[in-house]
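Residue numbers (our numbering): 1 to 63.
What follows is a single structure, written as structure tokens, with notes after it.
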């Protein structure tokens, strides 16, 4: 890159910036968090691991 090349800004923004704060009556963003669901881990070959998965990732050991 030559020393006389123009460089762009370090921070790029996308879309218009009106500077306004979001309205207080707006509900929570439905994309913010997935809905909670219960998981059941089932060991297919009788080995250990389902209890560990249930403990670490959540859910229950389904046997």
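Idealized CB from N, CA, C, for every residue including glycine.
**Message:** Tell me which residue opens and which closes the alpha helix (DSSP H) that residue 48 is part of.
**Reply:** In the DSSP assignment, residue 48 falls outside any alpha helix (DSSP H), carrying neither H nor E.
**Request:** Give the C-beta separation of residue 62 and residue 50 to the nearest angstrom, bearing in mind that I take them to be a contact with Cβ-Cβ under 8 Å.
**Result:** Right, their Cβ atoms sit about 7 Å apart.
**Request:** Please classify residue 42: does DSSP put it in a helix, a strand, or coil?
**Result:** coil
**Request:** Work out the CA separation of residue 45 and residue 55 for me, nearest whole Å.
**Result:** 19 Å
**Asked** What number of angstroms, rounded off, separates the C-alpha of residue 39 from the C-alpha of residue 60?
**Response** 6 Å
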